[in-house]
Amino acid sequence: MRQYIPDTILAQGTCHDPDSTGAVIPPIHLATTFLRPPEGYSATGWSYSRYGYPGLEQPEATLKALEGAADCRLFSSGMSAMTAVMLALKPGAHCIFPIDMYHGMRTWLKRYAAHWGMRIEHVDMTDLDVVRAAVVPGTTAIVWAETPSNPHWYLYDLAALADIAHAAGARLVVDNTVATPLLTQPLAFGADIVVHSATKYLNGHSDVLAGAAMTAATNEFWERVCFNRDYHGGILGQFPAALLMRGMRTLHLRIERASESAMAIATACLDHPQVETVYYPGLPSHPGHALALRQMAGGFGGMVSIVVKGGLEAAERVMTRTRIWKPATSLGGVESLIERRAAIEGADSHVEPGLLRLSVGVEAVSDLIDDLKTALG
Ligand code: PLP
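Heads up: the sequence shown at position 275 corresponds to 275 in our numbering, and the numbers run straight through without jumps.
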């Protein structure tokens, strides 16, 4: 599959059932258990669906090809994939995370990982000297980057972070949910593990909760990640796997449209009198723009944040006035969403009270801009 360009891999999706029916879409096998000989495992390799089932291989192979990974596992959610990676670490592990990142993972780190004896440090990952100073050679187990990062869409320099992590004997893990493998391929920059909330762009229709983990090399660490999925019961179910495969087949079209529209919306917001700041890596004014030009190819993604003049109340007012932009959390779907991020993140949020996070969908961009401008007033 690697010889085709991503658009072809996705559209074809390795989807057909040549052996039994010739159907162009594979069947959904609901079986949880499979016939096996008395001596143990059957030649098909299937035994019990908590370990895998026919129907999971296609989306896993597609993602593996897109990221250029050695192996891929799909999980029941992004959090399930990410925590499976964290729980593959040894107790007491020292880990470096960014300050600007998905708040759900930050909550897990605070409440669970710390309780588990892990030593978690959040740093300004845009400053490589800060990362270098935080890493303890021989002790730090992972450096974790999410790029572009929630909700300021900062860029973290993956090639430099991989060098820093590896020099210290640590692994680089990258949450590639927002960029998707179509815009950034972290393994090509030296990352060891890539994780996704497949709930977002990969599925793209806000109707599946799913996660993915991929590795640059199969090794003992990866085996522990796989073990965690199998024995914590975090595997993606059969119906969501089929929906995910269906959604992924148009990823290239959706991400291209969302990126183009996001650029136009960010530009339109730049000189709006009610907007204080626009965060979008495609804008030359964004602090990560130069790095985005090097690290992202084919667009800057579909996520934009704006800080509204007048703070919290003004931002809430905008949310009640939009008609097309729906007030809801999450991102990466075909429908455009708006949310006041600090309200979702809670008391310890570092996000400006007036920041609105925009997930740009595939509606007509002129309608999206008009709706937002009308709501801004
Ligand atoms: N990573 C990022 C960047 C996210 O935005 C999210 C969810 O919002 C997650 C991870 C967690 O994924 P899930 O909700 O599928 O568990």
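Backbone N, C-alpha and C fix where the C-beta goes; we use that ideal spot for every residue, glycine too.
Any C-beta of chain D under 7 Å from that of residue i
i: GLY190; result: No chain D appears in the structure shown, which is made up of a single protein chain.
Own chain partners of residue i with C-beta closer than 7 Å, once the 5 adjacent residues on each side are dropped
i: THR83; result: TRP108
i: ASP367; result: ILE324
i: ALA179; result: THR147, PRO148, MET296, GLY301
i: HIS252; result: PRO6, ASP7, LEU10, LEU182
i: SER259; result: GLY299, PHE300, GLY301, GLY302
i: GLY104; result: MET79
i: LEU87; result: ASN228
i: GLY311; result: PRO353, GLY354
i: ARG36; result: SER42, SER47
Cβ-heavy atom distance, residue i to the ligand PLP, below 6 Å
i: MET79; result: yes
i: ASP230; result: no
i: THR199; result: yes
i: THR177; result: yes
i: TYR102; result: yes
i: GLY211; result: yes
Under 7 Å between C-beta atoms of residue i and residue j
i: HIS193; j: THR215; result: Per the sequence presented here, residue 193 reads as Ile, with His not at that position. Yes, the pair counts as a contact, with Cβ atoms nearer than the cut-off.
i: GLY302; j: ALA262; result: yes
i: GLY55; j: ALA241; result: yes
i: SER380; j: GLY211; result: A question about residue 380 goes unanswered here, because the residues of the chain that appear run from 1 up to 377.
i: GLY68; j: GLN185; result: yes
i: GLU60; j: ILE96; result: no
i: ASP370; j: THR322; result: no
i: THR218; j: ASP71; result: yes
i: ALA342; j: PRO327; result: no
i: ALA264; j: VAL365; result: yes
i: ALA391; j: ARG340; result: Here the chain covers residues 1 to 377 and nothing more, so residue 391 does not appear.
i: ASP157; j: LEU291; result: yes
i: TYR53; j: HIS29; result: yes
i: VAL362; j: VAL334; result: yes
i: HIS94; j: THR32; result: no
i: ILE344; j: MET319; result: no
i: ILE164; j: ARG119; result: no
i: ALA379; j: LEU128; result: Residue 379 lies beyond the residue range present for the chain, which begins at 1 and ends at 377; the question has no answer from this structure.
i: ARG111; j: CYS226; result: no
i: SER206; j: THR177; result: no
i: ARG257; j: GLY204; result: no
i: LEU89; j: LYS200; result: no
Beta-carbon contacts of residue i that lie in its chain and below 6 Å, excluding the five residues immediately before and after
i: SER305; result: PRO151, TYR279, LEU355, ARG357
i: TYR412; result: As displayed, the chain neither begins before 1 nor continues past 377, which places residue 412 out of reach and without an answer.
i: GLY117; result: PRO91, GLY92
i: LEU293; result: none
i: LEU283; result: ALA266
i: LEU66; result: PRO6, PRO181
i: THR277; result: VAL307
Cutoff 8 Å; reference residue i; Cβ partners in own chain excluding five residues on either side
i: VAL275; result: CYS269, ILE306, VAL307, VAL308, LYS309, LEU376
i: VAL173; result: VAL85, ILE142, VAL143, TRP144, ALA145, ALA191, ASP192, ILE193, VAL194, VAL195
i: ASP230; result: ARG50, TYR51
i: LYS373; result: ALA268, HIS272
i: SER349; result: HIS103, ARG341, ALA342
i: ALA113; result: MET86, CYS95, ILE120
Residue(s) in a DSSP beta bridge with residue i
i: PHE75; result: GLY211, ILE235
i: GLU121; result: ILE96
i: ILE338; result: PRO327, LEU358
i: ALA145; result: VAL174
i: ALA48; result: Going by the sequence as given, residue 48 is Tyr instead of Ala. TYR48 is bridged to THR33.
i: ILE25; result: The partner list for ILE25 (beta bridge, DSSP) is empty, contrary to what the question assumes.
i: MET296; result: For MET296, which the question treats as bridged, DSSP gives no partner whatsoever.
i: VAL194; result: VAL174, MET214
i: MET303; result: SER359
i: VAL308; result: VAL275
i: THR140; result: HIS94
Contact test: residue i Cβ vs the ligand FMN heavy atom, cutoff 6 Å
i: ASP230; result: This structure does not include the ligand FMN; its bound ligands are the ligand PLP.
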